[in-house]
Structures are given as structure tokens and as C-alpha cells.
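*Asks:* Residue numbers (mature numbering (1 follows the signal peptide of the UniProt record, and there is no 0)): -18 to -1, 1 to 460.
(1) So residue 148 and residue 122 are supposed to be a Cβ contact under 8 Å. How far apart are they, rounded?
(2) Rounded to a whole number of angstroms, what is the C-alpha to C-alpha distance between residue 223 and residue 297?
(3) From the DSSP secondary-structure annotation, give me the bridge partner or partners of residue 165.
(4) Could you check if residue 190 is buried or exposed, using at least 16 other CB atoms within 10 Å of its CB as the buried criterion?
(5) Going by Cα to Cα distance, which pick from 453, 383, 302 and 432 is closest to residue 338?
(6) State the Cα-Cα distance for the pair residue 51 and residue 43, rounded to the nearest angstrom.
(7) Using 8 Å as the threshold, is the region 424 to 442 in touch with the region 276 to 292, meaning 3 or more CB pairs across them?
(8) Going along the chain, which residues of its own chain have a beta-carbon closer than 8 Å to the beta-carbon of residue 300, five neighbours each way excluded?
(9) Can you give the beta carbon distance from residue 440 to residue 325, rounded, assuming they're within the 8 Å contact cut?
(10) Do you know offhand how far residue 291's Cα is from residue 220's?
(11) Ordered along the chain, which non-local residues of its own chain (more than five positions away) have a Cβ less than 7 Å from that of residue -5?
(12) Could you pull the start and end residues of the beta strand (DSSP E) that residue 222 belongs to?
(13) Between which two residues does the alpha helix (DSSP H) carrying residue 278 extend?
(14) Given a cut-off of 7 Å on the beta-carbon distance, is the pair residue 259 and residue 265 in contact?
(15) Assuming contact is defined by CB atoms lying nearer than 7 Å, are residue 188 and residue 227 in contact in what I supplied?
(16) Put residue 361 into one of helix, strand or coil per three-state DSSP.
(17) Three-state secondary structure (DSSP) at residue 335?
(18) Determine which residues share a DSSP beta bridge with residue 170 and list them.
(19) What residue range is occupied by the uninterrupted alpha helix (DSSP H) comprising residue 194?
(20) Mapping the DSSP letters down to three states, classify residue 464 as helix, strand or coil.
(21) Could you have a look at residue 457 and say whether DSSP puts it in helix, strand or coil?
(22) Leaving out five residues on either side along the sequence, give the residues of the same chain with a beta carbon under 7 Å from the beta carbon of residue 153.
(23) Let me make sure I understand the geometry here. Which of 354, 379 and 364 has the alpha-carbon closest to that of residue 438?
(24) Mapping the DSSP letters down to three states, classify residue -5 as helix, strand or coil.
(25) In this structure, how does DSSP classify residue 370 when only helix, strand and coil are distinguished?
(26) Report all residues from its chain with a CB closer than 7 Å to the CB of residue -13; omit the five preceding and five following residues, and keep chain order.
(27) Taking 6 Å as the limit between beta carbons, can you name the residues of its chain near residue 409, skipping five residues before and five after?
(28) Report the residue from 21, 162, 84 and 370 whose alpha carbon sits nearest the alpha carbon of residue 269.
(29) Starting from residue 210, trace the beta strand (DSSP E) in both directions and tell me its first and last residue.
(30) Tell me the DSSP secondary structure of residue 233 in three-state form.
(31) Using 10 angstroms around the beta-carbon of residue 357, count the other beta-carbons present and answer buried if the total reaches 16, otherwise exposed.
(32) Please report the straight-line C-alpha distance between residue 120 and residue 169, rounded to a whole angstrom.
(33) Given a cut-off of 7 Å on the beta-carbon distance, is the pair residue 157 and residue 183 in contact?
(34) Pop quiz: residue 115 and residue 128 are said to be a contact at Cβ under 8 Å. What is the actual Cβ separation, rounded to whole angstroms?
(35) Assuming contact is defined by CB atoms lying nearer than 7 Å, are residue 294 and residue 444 in contact in what I supplied?
(36) Can you name the start and end residues of the alpha helix (DSSP H) that residue 146 belongs to?
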């Protein structure tokens, strides 16, 4: 059809062209046009045949494609049925998966709660361990324990197994360290505030001691610096010797502070008698003067009575033998040899009256004994007076201290107890010091008085014995 239309359009064009060229050879043009027309007709027939052939082939192909499409449609229908079945199965599977998802969600929530509980328990335990190692003296000997426990304290991070193992290791180290007694080298802060190397004795988690050359003392643990520092005041010499012997392996006993340092801290605040004396105020010095005077009197009387003492039993046995033998020269020599003793001097005075009557000899002995008594009793009354004055001086210090306390309360009130401590300390220290002076003085006064009384009684008893020996020879009982 297209070829026909094309042919007609070309014919019209040729005709138009021929009309324009009428001045030329019309015949040649007509022949040429006829030939052209015939040629085009032939070409159109060929094209028509080709088009018919192609149309036939297209028709055959369409028929074939129709069968293929029909078969494809059937296959697609079967596929759709299969897909519908599969879709149903998938819906059922999706439903099952949704149920499984809900179940897994519930289980996940339960597991999440368990994990959160476990994480919270681990962090609580880590905080407890952090507090424990912060107060344990083992931390001064085992470094970086705080750094190992820090990751477990972070709330934004779930505890890792390595952190939990580190926590376990810290606990095991603490358990082992708390049950060990060991000596090791370590760094401490000495009494001058300097870091020094020392031999450290660790007694579990209770007590630590140090030894630097010949200096021995206790150690305290600082929570803030995580270091061991020496007490500002050294322990008593007995404690130092006990610690030194234990560290040298020469003793099985060692002082230990089961309060973990509280008792040792009290040692630094405990004052000795010499340290307490200045807190007693001005009354302390008269009391000390009384104590010094009493000590001098006690020493003088002790040495005096020791020099005047004579063992009477062997002395009288020898004198008895010489009296029985009427060896008056020997008796005089024996008495002269012990002439510095009161007993010998009293008996010597009686010996001079051996030729007199019994009454005269007894009177001479009594006079000699009375003459010996004043030197023996010298200063004893003074000592008794000092024993009575010392507690009264302490009472005076108590009164003055309480007066100072009331003055402080009048001016400053009772808001600060430390303001009143000075007066109270003065009151108590003077009372204590007065009693500390009076009690030993009274004891020594009693002992010395008994000693003098014994010497006087011995002189009287041995004087009577000598009189009996003179006038009742052969009795032998003294």
C-alpha cells in the first residue's frame, strides 16, 4: 500500500516535471515516463510479493508465538498457583516466625534483665573491692590494683571477662595477703616525711612494722596516698625489742594491732609522765620540788640506816661467849670494833656499868638507847609531812585548774571543748602528780619507820639480853 502511494506521488511529480518541460521533446519525455512507470510498477510488484511473503511469515510466526504464549500462560498460571501455595506457606512461616520472635523477645528481655542484674552485681562487687583495697595495707605493697578495678566501675561498659578475672585475681591476692606473715623490702614514708627503703613486716591485714638500720617502729596505711608511713612517735623500747626479735627469727611473739591502726594511732596521742607535767600549770613545780626533797631524804635515810645496821645474832653470840668467859677486854674490843653502830654503842654504855647493880646497868642502857633514837628518826617526820603536803598541793592545782575552766566558760562559752581542755588538764594533772608523789613517799616513810622501830627494838632486846648475861651466867639464851 505504501508502494502504491509512493508510485502515485512520483507519477504526479513526473507529470508536473513533464509539463514544465513542454518546450522540450514531449515524446521522449512521455516514453521515458512510461518506462519509468513500468519500472516502478515492476518494483511495486516485487515489493508487494516481498511484503506478502513477509506477511505470511509474520502470520506463521504469530501462530507459533500464540502457541508459545499460550503454553507460557499455562506455565505462568502453574507458577502462580505454586507461588500462591508458597505464599500461603510463607505466611504460615511468617506467622510462626512472629510467634518465635515474640518468644525470643520475651526470652531476650529475660536475658537482658539477667545480664543487667549480673552487671549490677559485678559493679557492686567491684565497688566493694575498690573500698576494700582502698583500706587494705596490701595496696601499698601491690601496685596498680586501683587501675585494674576501674573498668568495672564504669556504668556505660559491660564488664569484660578479663576485667572479671582481674577482679578475681585481686580478691585472691587480698585473701592470700591477709593470711600471710612476711618480711619484704618496700618504700615507706619515714617520720621526716621522706620516702625510704625499709624492711617491712606484714602481719596479715592488721599490722605492719618497719626496720631501718636499728630503728624499729609501726607503720600506718594511708587511704589517700596508698602508702605506708611511720608513726610520728616510736613505740616503747619493749615493743621495739619484741618486733626486732621477731623479724630476726629469735621470737615467736610480736605485738599486733587487731583494730587495724586505731590502737597505734592512740600511741601518738598518749603522753608520758614527763610530757604531761608541763600541762599541770605552775602548781606542778612545787610538787616536783617536794618530790626531789623527799627523794633526797629517802636516799639519805636509806644509806644512813644501812651504815648503822648490825647483824645482831652473830654479834650477840660472840659477845655472849666472851661474857661467859669473863673476857672483859675482849668484850670491850668487840664493842669498840663496831663503835659506829647504834647497837654496839648502846651495849658499850651498859658494859661500863657491869660492876654496878642491875638497875644501874638497865638505866644506863635505856639512856644510851634514847640517845641513839633521835639520829635514827631524823627527817622521818619531815618525810611524813611531805607525804601529807603533796596531795594537798595536787588539790590546790585541781582548784586552780577548775577556776581557769570556769573563767574560760564565762568568756567563750561551751561551744568549743578545746578551750576548756587547758584548765581541766591542769586540774587532773596536778591531782595525778600530787598522788604520784605522795604514795611513794608514804610507802617509803612507812618502810623507813618500821626499819627504825626494828633497830630500836633490837637495841632494847639485846640490851636486856646482855644484862641477863651479866647477872645470870650460863643461861645462854639471848
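Note that CB positions come from ideal geometry on N, CA and C, so glycine has one too.
None of these values were measured; they are calculated from a predicted model.
*Replies:* To lay it out plainly:
(1) Residue 148 to residue 122, Cβ: 19 Å. No contact.
(2) 49 Å
(3) When DSSP reads this structure, residue 165 sits in a beta bridge with 183.
(4) buried
(5) 453
(6) 12 Å
(7) yes
(8) By the criterion of a C-beta distance shorter than 8 Å, residue 300 is surrounded in its chain by 316, once the five residues flanking it on both sides are discounted.
(9) Between residue 440 and residue 325 a beta carbon distance of about 6 Å is seen, short of the 8 Å cut, so the two are scored as contacting.
(10) For the pair residue 291 and residue 220, the Cα-to-Cα distance works out to about 38 Å.
(11) For residue -5, the predicted model reports a pLDDT of 44, less than 50, meaning its position is unreliable and no value from the coordinates is stated.
(12) Residue 222 -> not in any beta strand (DSSP E); alpha helix (DSSP H) instead, spanning 219 to 229.
(13) 266 to 290
(14) no
(15) no
(16) coil
(17) coil
(18) 178
(19) Note, residue 194: premise wrong, no alpha helix (DSSP H); beta strand (DSSP E) at 189 to 194.
(20) Because residue 464 is not part of the residues shown, which for the chain are -18 to 460, the question remains open.
(21) Residue confidence for residue 457 is low, a pLDDT of 38 falling below 50, so the modelled location carries little weight; the figure read from the coordinates is stated next. Residue 457 falls in the coil class under three-state DSSP.
(22) 111
(23) Measuring from the Cα of residue 438, the nearest candidate turns out to be 354.
(24) Any reading at residue -5 needs caution, since the residue's pLDDT is 44, under 50, leaving its predicted position unreliable; the model's value is listed next. Three-state DSSP puts residue -5 in a helix.
(25) helix
(26) Note that residue -13 scores a pLDDT of 47, beneath 50, so its modelled location is shaky; the value from the coordinates is reported in the next line. Result list for residue -13: empty, nothing under 7 Å.
(27) 380, 383 and 384
(28) 370
(29) 209 to 212
(30) coil
(31) exposed
(32) 13 Å
(33) The Cβ atoms of residue 157 and residue 183 do not sit closer than 7 Å to each other.
(34) 7 Å
(35) Yes.
(36) 143 to 160
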